[in-house]
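Visitor:
In UniProt numbering, the protein residues as written are 1 to 55.
(1) Check whether the Cβ atoms of residue 30 and residue 16 sit closer than 9 Å, and answer yes or no.
(2) Hey, could you find the ends of the alpha helix (DSSP H) residue 7 is sitting in?
(3) Sort 43, 22, 27 by Cα distance to residue 11 and report the nearest one.
(4) My assumption, with CB atoms under 8 Å, is that residue 40 sits in contact with residue 9. Please give the rounded CB distance.
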């Protein structure tokens, strides 16, 4: 399960990079960046929890 979560994190970051490359306005870019950071933080916590449970 941890690998799948890491794959989602990687995909989210890649999608954000593609989005940022379109040069959106600053407010939109910051909003999406914040959303991706929160998503990554939450998924990282879940991955750590899942890794701890599998030990």
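Where is the CB? At the ideal position from N, CA and C, for every residue including glycine.
In this text, all values refer to a predicted model and were calculated from it rather than measured experimentally.
Guide: With the structure as the only source:
(1) Not closer than 9 Å, so no.
(2) From DSSP, the alpha helix (DSSP H) with residue 7 extends over 2-20.
(3) For the options 43, 22, 27, the alpha carbon positioned closest to that of residue 11 is the one of 43.
(4) About 5 Å; that satisfies the 8 Å criterion.
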